[in-house]
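Quick notes on the structure that follows.
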Amino acid sequence: MISPLEAIELLKNITIPFRTEKMPLAKTLGMNIAEKIVADRDFPPFDRVMMDGIAVKDITAPTWKIEGILFAGEPVKAIKKTDGALEIMTGATAPRGTEAIIKLEDLSMEKKIATYIGKTPLEKGQHIHLQGADAPAGSVLVKKRTKIGPVEIAIAATVGKAHIEVESKPHVHIFSTGDEIVGLHETPADHQIRSSNVMMLKSVLLSKGFKANSSHLADSAEKIKASIDKALDSNDIILLSGGVSAGKKDLIPGVLAEAGFETIFHKISQKPGRPLLVATRPDGKVVFAFPGNPISTLTCFWVYFLPWVSGEWPEYQVKKIKFLPKPSAELDQWIPVENGEVLAHNGSGDLINWSRADGLVWQKAGDKAKKLPYIPLK
1 MISPLEAIEL LKNITIPFRT EKMPLAKTLG MNIAEKIVAD RDFPPFDRVM MDGIAVKDIT
61 APTWKIEGIL FAGEPVKAIK KTDGALEIMT GATAPRGTEA IIKLEDLSME KKIATYIGKT
121 PLEKGQHIHL QGADAPAGSV LVKKRTKIGP VEIAIAATVG KAHIEVESKP HVHIFSTGDE
181 IVGLHETPAD HQIRSSNVMM LKSVLLSKGF KANSSHLADS AEKIKASIDK ALDSNDIILL
241 SGGVSAGKKD LIPGVLAEAG FETIFHKISQ KPGRPLLVAT RPDGKVVFAF PGNPISTLTC
301 FWVYFLPWVS GEWPEYQVKK IKFLPKPSAE LDQWIPVENG EVLAHNGSGD LINWSRADGL
361 VWQKAGDKAK KLPYIPLK
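Here is the structure:
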């Protein structure tokens, strides 16, 4: 068995099997880009004027004669005489032969004669944003897997990308397992229970924008493999609940091996959720097989799967907890709490009492601390 910390480190090395799709640029905010954005020309594409003022050909001239005016969006012009100047607007193309831009606040203007009244010496090239200074044509402006924010939207727009390729969430199929499980609309026999784990997992995934389907697997290795193979045709991740422990009908580990999956880990030194199995296949498909008890499933889903599939591992809060049990010498424990106190419950099958939990605390093996890492559940 491995520790929870070792499991987390192993999961961080498993590639999330994202899909890609082309979407309108305006709808991609917050998504990860699946292509690189390349400069289609120099940025800026011309020597860009940074201040309203005048463009001069010679900064040493005592005064400058205004030869005309150049607005942003007009074709480039030239300054004709050495002591000539053009009135210029921010965003315009610097006229040919421009030595510097002098901002309006540093000028006295009378009868189309400009005189410098600023207090600092003029410098060649001042207030000119040179062509290609930000990025030359062909350079990568936004790397793949960058999270798209407002600036990335603007960059994509400025290179003419009306649609861009983005990562979309993996498709997930959730299986419940076991002959003791019946559907929500069925009447269970005395020895059966209705399926709850699938609905629990599916509801969370749907709320987070995943495409998630579900079905049930009877205790038959042949049928389990056929169903998993079929689900993998259109899904990237398989979640299984049950059939992963050490009983004679715990068929999942063997079926996954037969289906070409390599086990990354199976069993974590923790309670609840010790039998958790994670496996991958060379084609990028990923399986999380959770133990069947509902709280074991919930714990493994919340602690391991959701942070992995979102790519956002939490920085745990630390909370002082009352009435903590004596720590196990060998197992880390995920303990339900309510309002800073340990929640009384009857084990990992007790959904009723666990419904009051507002979080989990992580009590590591042998740790007698009263302040523990905390994960909110609501």
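Take the sequence shown: its position 278, counting from 1, is numbered 278 in full-length UniProt numbering, and each next residue is one higher.
Every residue, glycine too, gets a C-beta built ideally from N, C-alpha and C.
query	result
Reduced DSSP secondary structure (H/G/I, E/B, other) of F305	helix
Enclosing alpha helix (DSSP H) for K230 [first to last residue]	A221 to L232
Stretch pair the segment 33–52 + the segment 145–162: three plus CB contacts closer than 8 angstroms	yes
Reference R274, options G243, P282 and K248, closest by Cα	G243
Through-space distance from H163 to G68, alpha-carbon basis	41 angstroms
Member of G91, K267 and D40 whose CA lies at the smallest distance from the CA of A55	G91
Selected residue, minimal CA-CA separation from V309, among G209, I352, L324 and R96	G209
Buried or exposed (CB count within 10 angstroms, at least 16 for buried), N197	buried
Endpoints, alpha helix (DSSP H) assigned at E186	Where E186 is concerned, there is no enclosing alpha helix (DSSP H), given that its DSSP letter is neither H nor E.
Every unbroken beta strand (DSSP E) inside the segment 78–116 [3 residues or more]	84–88, 100–103, 107–110 and 113–116
Residue closest to K27, alpha-carbon to alpha-carbon, out of K124, E180, E152 and V287	E152
Residues near P17 by beta carbon distance below 7 angstroms, same chain, minus five either side	P170, D236, I237, G284, K285 and V286
Per DSSP, cross-strand counterpart(s) of residue 379	Residue 379 lies beyond the stretch modelled for the chain, which goes from 1 to 378, so this question has no answer here.
Bounding residues of the alpha helix (DSSP H) (the contiguous stretch that carries W354)	L351 to W354
Contact belief for S227 with F175 at Cβ below 8 angstroms, rounded distance in angstroms	7 angstroms
Whole-angstrom distance between T280 and K22, CA atom to CA atom	27 angstroms
Supposed close pair V361, L372 - CB separation, criterion 8 angstroms	4 angstroms
S245 versus L251: straight-line alpha-carbon distance, rounded	9 angstroms
Supposed close pair L239, L201 - CB separation, criterion 8 angstroms	6 angstroms
Buried versus exposed call for W334 [16 or more other C-beta atoms within 10 Å across all chains shown]	buried
Where the alpha helix (DSSP H) through S241 begins and ends	Unbroken run through S241 is the beta strand (DSSP E), I237 to S241; no alpha helix (DSSP H).
Buried or exposed by the 16-neighbour rule on C-beta atoms within 10 Å, applied to Y374	buried
Local conformation of N197 per DSSP, three classes	helix
Rounded straight-line distance, which links the Cα of F71 to that of A157	23 angstroms
Pairwise C-alpha distance: A61 and S108	14 angstroms
Counted within 10 angstroms of its Cβ, other Cβ atoms place K77 as buried (16 or more) or exposed	buried
Close beta carbons around P24, own chain, < 8 angstroms, minus the five adjacent residues each side	A162 and H163
Helix, strand or coil at A279 according to DSSP, with G and I counted as helix	strand
Proximity below 8 angstroms, CB of D52 to CB of K103	yes
Straight-line Cα distance separating V204 from G30	19 angstroms
Beta-carbon proximity check, L217 vs K223, cutoff 8 angstroms	yes
Helix, strand or coil at S245 [DSSP, three-state]	coil
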